[in-house]
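Residue numbers (my numbering), protein chains in the order written: chain A, 59 to 351; chain B, 59 to 351.
Protein chains: 2
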Amino acid sequence: MKTRIEKSIDAAMDAAQKSPDRSAPPQLKSALTYAVKPGGARIRPTILLSVAMACGDDAPAMADAAAASLELIHCASLVHDDMPCFDDADFRRGKPTVHKAFSEELALLTGDSLIVLAFQTLTRAAAVDAVRAIKLLEILTRATGSPDGICAGQAWEGEPMIDIDAYHRAKTGALFIAATCMGAAAAGHEPEDWVEMGARIGQAFQIADDLADVLQTEETLGKPVGQDEVHGRPNAVTERGVEGAIKHLEDALESAITSIPSCPGEGALCELVRYTAEKLTPVTPTARVAIRA
Amino acid sequence: MKTRIEKSIDAAMDAAQKSPDRSAPPQLKSALTYAVKPGGARIRPTILLSVAMACGDDAPAMADAAAASLELIHCASLVHDDMPCFDDADFRRGKPTVHKAFSEELALLTGDSLIVLAFQTLTRAAAVDAVRAIKLLEILTRATGSPDGICAGQAWEGEPMIDIDAYHRAKTGALFIAATCMGAAAAGHEPEDWVEMGARIGQAFQIADDLADVLQTEETLGKPVGQDEVHGRPNAVTERGVEGAIKHLEDALESAITSIPSCPGEGALCELVRYTAEKLTPVTPTARVAIRA
Chain A
59 MKTRIEKSID AAMDAAQKSP DRSAPPQLKS ALTYAVKPGG ARIRPTILLS VAMACGDDAP
119 AMADAAAASL ELIHCASLVH DDMPCFDDAD FRRGKPTVHK AFSEELALLT GDSLIVLAFQ
179 TLTRAAAVDA VRAIKLLEIL TRATGSPDGI CAGQAWEGEP MIDIDAYHRA KTGALFIAAT
239 CMGAAAAGHE PEDWVEMGAR IGQAFQIADD LADVLQTEET LGKPVGQDEV HGRPNAVTER
299 GVEGAIKHLE DALESAITSI PSCPGEGALC ELVRYTAEKL TPVTPTARVA IRA
Chain B
59 MKTRIEKSID AAMDAAQKSP DRSAPPQLKS ALTYAVKPGG ARIRPTILLS VAMACGDDAP
119 AMADAAAASL ELIHCASLVH DDMPCFDDAD FRRGKPTVHK AFSEELALLT GDSLIVLAFQ
179 TLTRAAAVDA VRAIKLLEIL TRATGSPDGI CAGQAWEGEP MIDIDAYHRA KTGALFIAAT
239 CMGAAAAGHE PEDWVEMGAR IGQAFQIADD LADVLQTEET LGKPVGQDEV HGRPNAVTER
299 GVEGAIKHLE DALESAITSI PSCPGEGALC ELVRYTAEKL TPVTPTARVA IRA
């Protein structure tokens with residue numbers, strides 16, 4: 059799975075680095091690679107490919123393009139969100155953020171280029187199946203832009219009156235909903251049936267992220283902690299306490315499992331959710347035991 | 059033509075402001091409108107629709123979506139290019155830039171959202187004709203991203219060794235090439251035949267922009283002047299002098315006219331190029347006379 063994801067990302071990245079006519083500006087080329095490789099847990103494309111496989115994965119090139127495009131959007135959002143006008147973060151995935159390693163100019167352009175590259179990757183995949191490519195573009199543009207996507211989610215943070223439901227759904231949920239729906243669509247299944255599963259995984263991820271922000275150290279997390287408090291953002295731990303947040307996380311994962319539509323690979327998908335749960339929640343089981351002790 | 063363009067932009071914008079599920083964050087919604095309306099000369103969509111009409115315009119909804127998407131990308135690029143890490147411009151089109159009127163956060167997100175909206179607009183148009191929509195997406199993603207698009211063009215400015223040809227072609231040429239090629243593709247014609255015309259108009263536009271930067275005042279231009287010198291950017295006037303730059307501009311427009319492929323609306327297109335020339339070059343004819351006097 060890991061190899062498949064990295065291969066599809068590399069193939070997509072090639073298109074941004076050089077064309078038949080010319081090469082990218084050298085620094086932009088480096089910054090693009092820096093922003094995307096080696097990458098983090100690749101949770102979103104892993105979910106996407108798992109759903110595609112559970113749905114039969116009858117057009118693997120389509121699923122690969124979908125997985126790469128989704129991860130490129132995620133990477134773009136990290137680059138822009140880390141910039142001084144937002145989180146002003148110095149570190150990400152244990153190394154300096156793009157604007158620190160290169161410059162603000164290059165961070166802005168790297169994010170922009172990655173957004174474009176994601177949609178270009180899906181456009182290219184139309185050679186395999188135009189109808190599915192269009193469906194994937196529909197899902198991913200919606201999950202990225204406004205009013206339902208991560209751009210809107212980020213914008214909610216600056217509003218004097220936050221619509222908490224819209225905020226969480228757009229900020230974190232959108233790309234997880236895209237992950238399950240794109241996995242299904244890439245394999246020719248009806249994406250609508252997979253919205254609920256993506257939404258519940260997204261919710262779990264958000265709570266896990268809130269827990270990590272409160273409970274972990276910058277060293278173990280590879281990025282600054284305590285950011286929700288600094289930026290006055292809603293955090294599940296503040297709202298429910300650690301125990302309450304963990305219970306809420308477990309409920310979300312349970313709902314994710316029960317919402318899996320009937321399909322050949324249903325069992326394998328349940329396993330994936332449990333595996334994701336472990337990945338998502340570095341506070342469990344060790345820290346959880348410590349907290350409960 | 060003007061009405062048609064504004065209507066198609068408004069239709070596209072609606073999708074970013076509200077969905078069946080929810081409305082956009084109010085400030086983002088305002089910033090999106092602020093960045094796009096009332097707009098400037100709408101030169102790129104005007105060229106696009108003119109080419110589409112010269113090619114028969116047999117699917118007007120397709121051409122409308124193409125025109126709107128191209129202008130949205132142009133607006134996005136203006137919002138991001140005006141930001142403090144690039145031009146740090148306070149005014150654009152005679153009013154405060156988006157980051158000045160709202161905030162840097164909102165300027166960044168507005169640009170991102172407009173990029174996504176452009177591709178979403180073309181994706182929606184697949185309902186009219188999927189093959190043409192995919193072709194339009196191919197052209198516009200290439201013209202926007204890296205290495206051939208405006209992201210790369212902007213990135214060349216920060217390189218210690220600038221590839222001048224790649225820089226101009228990507229920075230200004232890309233969206234003009236997209237204008238002519240998308241116009242043809244929207245009407246079911248072969249876009250490749252229209253690359254040269256777009257490239258020459260783009261070149262003329264670049265020289266006109268260089269002339270304006272040197273010869274005009276902030277008041278008449280609606281944005282700061284003398285920016286090329288401030289940012290150490292190449293400028294045709296520095297390279298060739300005012301007379302030489304004007305001669306070069308006239309040659310580029312002449313080449314644009316001779317490169318028009320044989321099509322029913324060839325004559326009308328020649329008129330458009332001459333009209334564009336007037337729009338493009340506010341230094342002509344009055345200033346030109348003054349300069350020559």
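All C-beta atoms, glycine included, are put in the ideal place defined by N, C-alpha and C.
Asked                                                                                                                                                        : Found
Taking 7 Å as the threshold (C-beta atoms), are Ala257 (chain A) and Ile222 (chain A) in contact?                                                            : no
I'd like to know if Lys76 (chain A) contacts chain B, where contact means its C-beta is closer than 7 Å to some C-beta of that chain.                        : yes
List the DSSP bridge partners of Phe144 (chain A).                                                                                                           : Answer by DSSP bridge pairing: none, since Phe144 (chain A) is not bridged.
Any beta-carbon of chain B closer than 7 Å to the one on Gln264 (chain A)?                                                                                   : no
Can you round the beta-carbon distance between Val143 (chain B) and Leu172 (chain B) to whole angstroms, since I take them to be within the 8 Å contact cut? : The question names Val, but residue 143 (chain B) in the sequence shown is Cys. 18 Å between Cβ atoms; not a contact.
For chain B, find out if any of its Cβ atoms is closer than 7 Å to the Cβ of Ile192 (chain A); answer yes or no.                                             : yes
Between the beta-carbon of Asp187 (chain A) and the beta-carbon of Ala89 (chain A), is there less than 7 Å?                                                  : no
Helix, strand or coil for Arg80 (chain B), going by three-state DSSP, please let me know.                                                                    : coil
Under the rule that 16 or more other beta-carbon atoms within 10 Å means buried, what is Ala348 (chain A), buried or exposed?                                : The pLDDT assigned to Ala348 (chain A) is 44, lower than 50, so where the model puts this residue is not dependable; a value taken from the coordinates is nonetheless given after this. Burial call: exposed.
Given that Arg80 (chain B) touches chain A, what residues does it touch there, using C-beta distances under 9 Å?                                             : Pro205, Asp206, Ala210, Asp221, Asp223, Ala224, Arg227 and Ala228
Kindly list, in the order they appear in chain B, the residues whose Cβ is closer than 7 Å to that of Pro84 (chain A).                                       : Glu217
Where do the ends of the alpha helix (DSSP H) carrying Arg62 (chain A) lie?                                                                                  : Lys60 to Gln75
State the Cα-Cα distance for the pair Arg346 (chain A) and Ile131 (chain A), rounded to the nearest angstrom.                                                : For Arg346 (chain A), the pLDDT reaches just 46, beneath the cut-off of 50, and the residue's location in the model is therefore unreliable, leaving the point undetermined.
So, is Ser320 (chain B) buried or exposed, given that buried needs 16 or more other C-beta atoms within 10 angstroms?                                        : exposed
Which of the residues in the stretch 284 to 309 of chain A, read from start to end, lie with their CB under 9 Å from any CB of chain B?                      : none
Kindly indicate which three-state DSSP category Phe160 (chain B) falls into: helix, strand or coil?                                                          : coil
Cutting at 7 Å between CB atoms, please list the residues of its own chain near Asp72 (chain A), excluding the five before and the five after it.            : none
Is it true that the CB of Ile265 (chain B) sits closer than 7 Å to the CB of Ala303 (chain B)?                                                               : yes
Does the pairing of the stretch 323 to 334 of chain B with the stretch 264 to 280 of chain B give three or more beta-carbon distances under 8 Å?             : no
Considering Cα atoms alone, identify which of A:Ala165, A:Thr179, A:Thr230 and A:Gly280 is closest to Ala213 (chain B).                                      : A:Ala165
In whole angstroms, what separates the C-alpha of Pro103 (chain B) from that of Ala176 (chain B)?                                                            : 13 Å
Quick check on DSSP: helix, strand or coil for Lys153 (chain B)?                                                                                             : strand
When you compare the CB of Glu129 (chain B) with every CB in chain A, is at least one pair closer than 7 Å?                                                  : no
Answer with buried or exposed for Glu276 (chain A), where buried requires no fewer than 16 other C-beta atoms within 10 angstroms of its C-beta.             : exposed
Going by C-alpha to C-alpha distance, which of B:Leu128, B:Asp170 and B:Lys153 sits closest to Ser135 (chain A)?                                             : B:Asp170
Quick check: what's the CA-CA separation for Lys87 (chain A) versus Asp148 (chain A)?                                                                        : 21 Å
Put Ala165 (chain A) into one of helix, strand or coil per three-state DSSP.                                                                                 : helix
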